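Engineer: In this text, residue positions in the sequence shown follow this note's numbering: the first is 9, and each later residue adds one. Could you have a look at this structure, given as structure tokens, before my questions?
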Amino acid sequence: MDDTVVDLLTRLVQIDSVNPSLAPGGAGEAAIAAFVAGWAERAGLAVETLEETAGRPSVIARTPRRGDGPTLLLCGHLDTVGLGGMTAPLEPRVDGDRLYGRGAYDMKAGLAAALVAAAEAARDGLSGEVVVAAVADEEHSSLGVQEVLRHVRADAAIVTEPTELAVGTAHKGFVWSQIEVVGRAAHGSRPHLGVDAILKTGPVLVALDELNQALGKRTHPLLGAGNLHGSLIDGGLEESTVPDRCALTVERRTLPGETAADVERELAEVLDRCRAADPELQASARTLLVREPFEIDRAERLVQDVAAAAGDVLGEPAAIAGMSYWADAAFIAAAGIPTVLFGPDGDGAHAEVEWVSLPGTIACAQVLARAAERMCG
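As structure tokens, then:
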């Protein structure tokens, strides 16, 4: 298994799979999906490729079913963020026990581990079924996992995002919102005839910072506090014109139990306070995108099975942890499938230096295989 998973990881990193929704001209998932489908077929898995959105395929690979045991879904994504300023991002480089390259950590190592574990399960002849979903577009709109869930039913799922070999039982969600402040254009030499939308946005930014500080007082035992940050700001026409518009995009990271309606209410209260202080302020907020938080009770059998499998492989009890990032786990859980996250250790997701631990990737594959044996054997 060791050489197989490292070789597969190396070959996956060599394939450009930059998400074109993030980086115009990005290669997308076509080439890597074709490679995964071919590898899975040669490993004895039944393969189906889905492509409701042209050029954005996802691959489903299944082990042979030899009984009426349960179905375990292993899910990983094919796409990566852009290459940025990385040096030779598609040339995997091994230094000690680390492999460097774009997508190595996020999350081609987890995908390689899932495929190798499924191939081993196919050879073992389990009563149940292991299904690997190699999905498109996780880094943008999660088109892939939503399409896969219309074709796959499972009794449990493991999302193989990097978790540092901990069992992930929760992650935050997020809400993207846009606040628009409306002013009135005028010549820069006659500001009394205009309303400066950019300057009017200043008190709104201060109020949002106060909201972010208040969020720090409410914490989750695994995830800490929710938070808010300003993501994008745009406004103005030219240097000598009083700006008639300023648009501010903010991201609110949400905790389990918090909803988009909660975020909309928070922003409405912020704008109400700002308007009370400045009756001339014209501002509105709208929701752009919502991704729900995720949490599973640590007493659930799936959590215990994966933790036990990790303990068998690692020789010590696996940590139970929350993940700071959002993942496709939220969509899978929302479909009624008990879900956890488990993946290798490393660093540099979305950064210019990205690496994954090779021993951690091998251990991840071993844990996934052991979990499949426990649950589907």
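Note that the Cβ used here is the ideal one computed from N, Cα and C, for glycine as well. Since the structure is predicted, the reported quantities are computational estimates derived from the model, not experimental observations.
(1) Quick test of your reading: I370 and D10, contact by CB under 8 Å. State the CB separation rounded to the nearest angstrom.
(2) In the DSSP assignment, find the alpha helix (DSSP H) that holds G368 and state where it starts and stops.
(3) Between T71 and L134, is the Cβ-Cβ spacing less than 8 Å?
(4) Under the rule that 16 or more other beta-carbon atoms within 10 Å means buried, what is D217, buried or exposed?
(5) Between the beta-carbon of G136 and the beta-carbon of T79, is there less than 8 Å?
(6) Per DSSP, which residues does V140 bridge with? Please list them.
(7) Would you check if the distance between the CB atom of T171 and the CB atom of M331 is smaller than 8 Å?
(8) Give me the residue from G75, E300, Q374 with the minimum Cα distance to V14.
(9) Are at least three pairs of beta-carbons, each pair with one atom in the stretch 50-67 and one in the stretch 140-156, less than 8 Å apart?
(10) Quick one, are the C-beta atoms of E362 and R198 less than 8 Å apart?
(11) If you reduce the DSSP assignment to three classes, tell me which class T329 lands in.
(12) Which class does N27 belong to by DSSP, given the choice of helix, strand or coil?
(13) Leaving aside the five residues before and after G196 along the sequence, list all residues of the same chain whose C-beta is less than 8 Å from its C-beta, in chain order.
(14) Out of P287, R73, H85, A112, which one is the CA nearest neighbour of L91?
(15) At what residues does the alpha helix (DSSP H) containing I166 begin and finish?
(16) Should D313 go down as buried or exposed, given a rule of 16 or more other Cβ atoms within 10 Å for buried?
Structural biologist: With the structure as the only source:
(1) 5 Å
(2) 366-384
(3) yes
(4) exposed
(5) yes
(6) A69, L82
(7) yes
(8) Q374
(9) yes
(10) no
(11) Reading off the sequence shown, one finds Ala at residue 329, where the question assumed Thr. Strand, per DSSP.
(12) coil
(13) E247, S248, T249, V250
(14) A112
(15) Counting along the chain, I166 falls outside any alpha helix (DSSP H), though it belongs to the beta strand (DSSP E) covering 164-167.
(16) buried
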